[in-house]
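Asks: Protein chains in written order, with numbering that gives the first Met the number 0: chain A, 0 to 277; chain B, 0 to 365.
Quick one: this structure, given as structure tokens, is what I'll be asking you about.
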Amino acid sequence: MAIWLLPPLLWFVLFMLVPYAITVFYSFGRMDGVLFAPDFSLENYRKVFFDAPYAPIILRSAWIGLLTAIFSSLLAYPVAMAMAFNLPSERARQIVYILVILPWWASYLVKAYAWKAILGPSGLINKGLMSAGLIDEPIRIFLYNDFSVVLTLTYIFTPFAVLSIYAQLERIPGSLIEAARDMGANGFEIFRRIVLPISVPGVLAGAVITFSLGFGDFLAPALLGGSDSLMISSVVISLLGVANDRPLAAAIGVTIIVLAALLISAVNRLEKRTQVRL
Amino acid sequence: MFAGAKLGVQMRNPVRLNILTIALVASASFPVAEAFADGELNLLTWEGYADDAFVKPFTEKTGCAVNPTYVSSNDEMVSKAISAGSATIDLVSPSNDATLVLIDAGAVEALDISKLPHLKDYYPAFQKPAWLTKGDDLYGVPYGFGYIRVALKEGAVPGADSVKALWDPALKGKIAIWDNLESLYLAARYVGVKDVYNMTDEELDASMKALIALKPNIVKFWASDAEFTELYASGGILGGNTTELALSKIWGEGHGDLVDIETKEKRGGWSDSWMVVKGAGENPCTYAWLDWVSSAESQAIASKVTGYAYSNAKAFDLLDDATKALLTKLKTNDPKVLNEVDWWQPVARRSKYLEVFNQAKAASAP
Chain A
0 MAIWLLPPLL WFVLFMLVPY AITVFYSFGR MDGVLFAPDF SLENYRKVFF
50 DAPYAPIILR SAWIGLLTAI FSSLLAYPVA MAMAFNLPSE RARQIVYILV
100 ILPWWASYLV KAYAWKAILG PSGLINKGLM SAGLIDEPIR IFLYNDFSVV
150 LTLTYIFTPF AVLSIYAQLE RIPGSLIEAA RDMGANGFEI FRRIVLPISV
200 PGVLAGAVIT FSLGFGDFLA PALLGGSDSL MISSVVISLL GVANDRPLAA
250 AIGVTIIVLA ALLISAVNRL EKRTQVRL
Chain B
0 MFAGAKLGVQ MRNPVRLNIL TIALVASASF PVAEAFADGE LNLLTWEGYA
50 DDAFVKPFTE KTGCAVNPTY VSSNDEMVSK AISAGSATID LVSPSNDATL
100 VLIDAGAVEA LDISKLPHLK DYYPAFQKPA WLTKGDDLYG VPYGFGYIRV
150 ALKEGAVPGA DSVKALWDPA LKGKIAIWDN LESLYLAARY VGVKDVYNMT
200 DEELDASMKA LIALKPNIVK FWASDAEFTE LYASGGILGG NTTELALSKI
250 WGEGHGDLVD IETKEKRGGW SDSWMVVKGA GENPCTYAWL DWVSSAESQA
300 IASKVTGYAY SNAKAFDLLD DATKALLTKL KTNDPKVLNE VDWWQPVARR
350 SKYLEVFNQA KAASAP
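Here you go:
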């Protein structure tokens, strides 16, 4: 084995495999007072799947993740299209590329707080509506609900979808588009029969990333969510910090890891089936 | 206290002390005469409980170096104290819902109160509290404390004198509730549960239903004093359950219309205590520290640092008039009120409590 493979391999084992193994080990155990007691019980998994509120909250988190993935993809697609086909020069493409990744230079917290300020009762939207004379007092529907959570997650994670879709669209040779045009295809036909099918793997990859990030998020619901915006990550945090129920937290973690692995392998299969050789 | 719920050690302190005066008094009347050159003290504590403002005078006088390790939850403190022992930790400062766990586990030792002369200056509620007592022995020195308030904008619910005011339909979408088990206790008190720390399944179920019934009024489960303060100051809420730090801040920002309701029901209260890890009493620095942190002088300085109220009643005398007025308004120095607080206790079924609380949080408003 090449020696240069050793550091990444060590990294992978120490920081990926070992933590996963520890999590699995904990998930079969139980708490004896404040101390962990090793065991081999499926009780924690029974709780995850059959006791309220865990399974419904996992589904709810998946729903928020799905909405994030859908809206991110819808927003990202035109941007990626423009970057791939419509910008007049390489320089313009680079500028848009930088603009897309620019928000990553700011911390997640800053961006979430910024949305809180924008959507709040004395925020930009309410002030704008009031100064336009459309409302007399601030509207409170923008903040502290699922809308504000999904909006914030979509804003923060859309760049991942843009880059993923763009990476796929960039592979389409200009000659293919030209040939289609020469054969009499119009813009819509080119999009529907060439661009869209080729872009599917990029859309799927971006969707998986944004779904996963949205699904596992806990800050946006904590900062911008309403009275029922509870996500599974927050539950895990409270199990660790409030109830000291490490085995149950670990069982939820393992369940999510398995679900994520299943999702990724399904999408991988789909990506392979939709991949077009260029 | 509960994880993430430590009343956020806030440096934006409403308490204004003449710190120089206190420091001078402290240096002149330092209770420990003996210096323990090269001594060392390892603390496992909350951030703010080993601040230089009161650690430095201690180290200068005693020669004991203080090595604090900060934790974010009682569980971390308890499990480390039990597993590590006095080889690595001398003192811990858990809250009253965890102290008995340590005592029952035999992880901490009974105190020699003859070495703690300042205890006689403590408020009666903290001289021998149930959460630090086993048999005749005292196992901890009470330190910072606070109790949970129900606060509403003046006139929001006329004549409010009960936690039931929060359920008033007039408050629809207008209150914020603490994202903490304390809010489950609040719902339990609403349905008339007497011992909120040892609820039966039926009582837990009734409390969960009460909390779900409250949801139309809840706009947000707040996580920090700053969040509650911002929500009220921006007009987003008319009140909720909150802490004295948030109240002080809100009043300090000119919103004097937020009223601390004196509820008929008891109010939950937290109290941190310094406890000696078994075997650490032999370290000469340990009792020197306990003596220092129980003194009025050090607690007045600590009050400046954290903004909390402290257990030594004489610390109050060292505060300036404005601070005294604030604490009087907050009733943190009223022995009668302190005796009526339903101080937090260990909850044997915390996982079940959390499950019920999360169920209520995840439920849609009716």
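In this text, a Cβ means the ideal position worked out from N, Cα and C, and glycines have one as well.
These numbers were taken from a predicted model, which means no experiment stands behind them.
In terms of residue numbering, what span does the alpha helix (DSSP H) encompassing A/Arg59 cover?
Replies: Element bounds for A/Arg59: 53-80.
Asks: For B/Ala169, which of helix, strand or coil comes out of DSSP?
Replies: DSSP places B/Ala169 in helix when its eight states are reduced to three.
Asks: Taking B/Lys79 as part of the alpha helix (DSSP H), name the residues at either end of that continuous run.
Replies: Start and end: 73-83.
Asks: Mind checking which residues open and close the beta strand (DSSP E) that includes A/Arg29?
Replies: Run containing A/Arg29: 29-31, per the beta strand (DSSP E) assignment.
Asks: Got a sec? Which residues, its chain only, sit under 7 Å from B/Ser293 by beta carbon, not counting five neighbours each side?
Replies: Excluding residues within five positions, the ones whose Cβ falls inside 7 Å are Leu115, His117, Leu118, Val140, Asn311.
Asks: So, helix, strand or coil for B/Ser94, using DSSP?
Replies: Strand, per DSSP.
Asks: Given that B/Ala222 touches chain A, what residues does it touch there, using C-beta distances under 9 Å?
Replies: Within 9 Å Cβ-Cβ: Ala221, Leu222.
Asks: Could you tell me whether the Cβ of B/Arg266 comes closer than 7 Å to any Cβ of chain A?
Replies: Not an interface residue.
Asks: Could you check whether the region 152-165 of chain B touches the region 203-212 of chain B, counting it as contact only if at least three pairs of C-beta atoms, one from each stretch, sit closer than 8 Å?
Replies: No, the region 152-165 of chain B does not touch the region 203-212 of chain B.
Asks: Give me the chain B residues within the contact set of A/Ala51, using Cβ-Cβ distance strictly less than 7 Å, ordered along the chain.
Replies: By Cβ distance, chain B contributes Gln358.
Asks: Please report the straight-line C-alpha distance between B/Lys127 and B/Leu137, rounded to a whole angstrom.
Replies: Their backbone Cα atoms lie some 7 Å apart in a straight line.
Asks: In this structure, how does DSSP classify A/Val109 when only helix, strand and coil are distinguished?
Replies: Reduced to three states, the DSSP call for A/Val109 is helix.
Asks: Per the contact definition of three or more C-beta pairs closer than 8 Å, is the region 187-201 of chain A in contact with the region 226-233 of chain A?
Replies: With a cut-off of 8 Å, the region 187-201 of chain A and the region 226-233 of chain A do not count as touching, because too few Cβ pairs lie within range.
Asks: Closer than 8 Å, Cβ to any Cβ of chain A: which residues of the region 219-245 of chain B, in chain order?
Replies: Cβ contacts with chain A: Lys219, Phe220, Ala222, Ser233, Gly234, Gly235.
Asks: Is it true that the CB of A/Gly201 sits closer than 7 Å to the CB of A/Ile164?
Replies: For A/Ile164 and A/Gly201, yes; Cβs fall inside 7 Å.
Asks: When the Cα atoms are used, what is the spatial distance from A/Ile10 to A/Ile21?
Replies: With the sequence shown as reference, residue 10 of chain A is identified as Trp, and Ile is not the correct amino acid for it. In a straight line, the C-alpha of A/Trp10 is about 16 Å away from that of A/Ile21.
Asks: Is the Cβ-Cβ distance between B/Phe220 and B/Thr241 less than 7 Å?
Replies: In this structure, B/Thr241 does not lie closer than 7 Å to B/Phe220 by Cβ.
Asks: Give me the Cα-Cα distance between A/Arg272 and B/Ala222, rounded to the nearest whole angstrom.
Replies: A/Arg272 and B/Ala222: Cα-Cα distance of roughly 46 Å.
Asks: Identify the contact partners of B/Gly139 in chain A, using a Cβ-Cβ distance below 7 Å as the criterion.
Replies: Those do not exist, as B/Gly139 stays about 17 Å from chain A at its closest Cβ, beyond 7 Å.
Asks: As a quick exercise: from B/Glu46, B/Leu353, B/Ala225, pick the residue whose alpha carbon is nearest that of B/Met76.
Replies: Here the closest residue by C-alpha is B/Glu46.
Asks: In angstroms with no decimal places, state the Cα-to-Cα distance between A/Leu108 and A/Leu218.
Replies: Each residue's alpha carbon lies about 8 Å from the other.
Asks: To which residues does DSSP link A/Phe24 through a beta bridge?
Replies: Beta-bridge pairing links A/Phe24 to no other residue.
Asks: Assign A/Trp104 to one of two classes, buried (16 or more other C-beta atoms within 10 Å of its C-beta) or exposed (fewer than that).
Replies: Its Cβ having fewer than 16 others within 10 Å, A/Trp104 is exposed.
Asks: Does the separation of the CB atoms of B/Glu181 and B/Gly267 fall below 7 Å?
Replies: Yes, Cβ-Cβ distance for B/Glu181 and B/Gly267 is below 7 Å.
Asks: Please list the partners that B/Lys133 has in chain A, where partner means a Cβ-to-Cβ separation under 7 Å.
Replies: Neighbours of B/Lys133 on chain A: none; closest Cβ ~16 Å, over 7 Å.
Asks: Short check: CB of B/Phe144 to CB of B/Ser270, under 7 Å?
Replies: Contact flag set, yes.
Asks: Check whether the region 64-71 of chain A and the region 143-154 of chain A are in contact - that is, three or more C-beta pairs closer than 8 Å.
Replies: Contact holds: three or more Cβ-Cβ distances are below 8 Å.
Asks: Could you check if B/Thr20 is buried or exposed, using at least 16 other CB atoms within 10 Å of its CB as the buried criterion?
Replies: Because the pLDDT of B/Thr20 is 41, which lies under 50, any placement of that residue in the model is unreliable, and the number read from its coordinates should be weighed accordingly. Exposed.
Asks: With 8 Å as the C-beta to C-beta threshold (strictly closer), list the residues of the region 187-214 of chain B near chain E in chain order.
Replies: No chain E appears in the structure shown, which is made up of the protein chains A and B.
Asks: Under 7 Å between C-beta atoms, does B/Val276 make it to chain A?
Replies: For B/Val276, the answer is no, since every Cβ of chain A falls outside 7 Å of its Cβ.
Asks: Contact criterion: CB-CB distance below 7 Å. Does A/Leu229 meet it with respect to chain B?
Replies: Taking Cβ atoms only, chain B reaches closer than 7 Å to A/Leu229, which makes this a yes.
Asks: DSSP has B/Ser270 in a bridge; who is on the other side?
Replies: The partner list for B/Ser270 (beta bridge, DSSP) reads B/Phe144.
Asks: Let me check one thing: in DSSP terms, what residues is B/Pro215 bridge-paired to?
Replies: Paired residue(s): none; B/Pro215 is not in a bridge.
Asks: Evaluate B/Gln298 with the Cβ neighbour count: other Cβ atoms within 10 Å of its Cβ, from every protein chain shown; 16 or more gives buried, anything less gives exposed.
Replies: By the 10 Å Cβ count, B/Gln298 comes out buried.
Asks: Can you check which of these residues, B/Lys263, B/Tyr307, B/Tyr189, is closest to B/Leu244 by C-alpha distance?
Replies: Here the closest residue by C-alpha is B/Tyr307.
Asks: Could you tell me whether the region 244-252 of chain A touches the region 43-55 of chain A, using the rule of 3 or more Cβ pairs below 8 Å?
Replies: Yes: at least three Cβ pairs fall under 8 Å.
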